[in-house]
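*Asks:*
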Amino acid sequence: MSASATAVSPAATNLLRRSREALVALAVQYLLGMAANLIGEPDSALVGVIDTIIVILHVLVAVGLIVVAIRALLAARAAGVGQRLALWALVVIVLTFLAGVLTITLGSDWASYAMATGFLVAAALYAGTFLASYRAEPAPASAP
Numbered sequence: 438m439s440a441s442a443t444a445v446s447p448a449a450t451n452l453l454r455r456s457r458e459a460l461v462a463l464a465v466q467y468l469l470g471m472a473a474n475l476i477g478e479p480d481s482a483l484v485g486v487i488d489t490i491i492v493i494l495h496v497l498v499a500v501g502l503i504v505v506a507i508r509a510l511l512a513a514r515a516a517g518v519g520q521r522l523a524l525w526a527l528v529v530i531v532l533t534f535l536a537g538v539l540t541i542t543l544g545s546d547w548a549s550y551a552m553a554t555g556f557l558v559a560a561a562l563y564a565g566t567f568l569a570s571y572r573a574e575p576a577p578a579s580a581p
């Protein structure tokens with residue numbers, strides 16, 4: 438079998454890329470969230486500024502995750518695999534975003550717990566879409 442006969446379709450490659458983007462963004466989001474959580478109540482102005490910057494970055498990555506989730510769903514539909522996983526991942530990302538809003542506005546520990554749970558579920562779902570991209574139909578072989 439030639440390399441071109443086993444090539445992955447462009448749609449599957451796109452799903453693979455979007456899944457990887459989501460997993461990387463989730464990792465960055467996790468690290469920013471942990472940094473903000475570890476700082477807690479800042480005891481100096483400098484630490485307060487650093488904490489504010491971290492929280493702003495955390496929010497910006499969260500908005501980016503929603504965009505990536507939509508793009509991953511579109512890629513899954515185009516590839517014809519992982520559609521249900523991508524849809525549930527989008528739902529989980531939106532719910533996790535809302536839990537983050539509640540965490541910031543109310544200071545709720547339960548909302549923070551929901552955010553952490555959402556991170557784990559979304560990571561598992563995007564690992565699923567990542568693996569599903571390998572089940573996509575191969576690209577048609579070019580004529581000799």
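Under my numbering, the letters of the sequence shown match residues 438 to 581, in that order. Every residue, glycine too, gets a C-beta built ideally from N, C-alpha and C. Model, not experiment: these values are computed from the prediction.
(1) Measuring straight from C-alpha to C-alpha, what distance separates Leu-511 and Pro-447?
(2) Please return the same chain residues whose Cβ sits closer than 7 angstroms to the Cβ of Pro-479, not counting the five positions on each side in sequence.
(3) Check for me: the alpha helix (DSSP H) holding Asp-546 runs from which residue to which?
(4) Rounded to whole angstroms, what's the CA-CA distance from Gly-470 to Ala-513? Just pull it up for me.
(5) Determine, using beta carbons only, whether Gly-555 and Thr-533 come nearer to each other than 8 angstroms.
(6) Give every residue of the same chain whose Cβ lies closer than 7 angstroms to the Cβ of His-495, excluding the five residues on either side of it in the sequence, and list them in chain order.
(7) Could you tell me the alpha carbon to alpha carbon distance between Ala-442 and Ala-573, rounded to whole angstroms?
(8) To the nearest angstrom, report how far apart Met-438 and Ser-570 are at their CA atoms.
(9) What is the DSSP secondary structure of Ala-440, counted as helix, strand or coil?
*Replies:* For this structure:
(1) Residue 511 sits at position 74 when you count from the first residue of the sequence shown. Residue 447 sits at position 10 when you count from the first residue of the sequence shown. Straight-line Cα distance between these residues: approximately 13 angstroms.
(2) As a first step, residue 479 is located in the sequence shown; it is residue number 42 there, counting from the start. These residues qualify, in order along the chain: Gly-485, Asp-488.
(3) Here residue 546 corresponds to residue number 109 of the sequence shown, with the count starting at 1. Unbroken alpha helix (DSSP H) run through Asp-546: 546 to 569.
(4) By 1-based counting over the sequence shown, the position of residue 470 is 33. By 1-based counting over the sequence shown, the position of residue 513 is 76. Going by the C-alpha atoms only, they are around 28 angstroms apart.
(5) The count along the sequence shown starts at 1 and reaches residue 555 at position 118. The count along the sequence shown starts at 1 and reaches residue 533 at position 96. A contact, by the Cβ cut-off of 8 angstroms.
(6) As a first step, residue 495 is located in the sequence shown; it is residue number 58 there, counting from the start. Result list for His-495: Gln-466, Leu-469, Gly-470, Ala-473, in chain order.
(7) Locating residue 442 in the sequence shown gives position 5, where the first residue counts as 1. Locating residue 573 in the sequence shown gives position 136, where the first residue counts as 1. Here Ala-442 scores only 43 on pLDDT, less than 50, and its place in the model should not be relied on; the value that follows carries that caveat. Near 13 angstroms, if we compare the C-alpha coordinates of Ala-573 and Ala-442.
(8) Counted from its first residue, the sequence shown places residue 438 at position 1. Counted from its first residue, the sequence shown places residue 570 at position 133. With a pLDDT of only 42 at Met-438, under the threshold of 50, the placement of this residue in the model should not be trusted, and no figure is reported.
(9) Along the sequence shown, read from residue 1 onward, the residue named residue 440 stands at position 3. Its pLDDT being 47, under 50, Ala-440 is placed unreliably in this model, and the value from its coordinates should be taken loosely. In the structure shown, Ala-440 sits in coil (DSSP, three-state: anything other than H, G, I, E or B).
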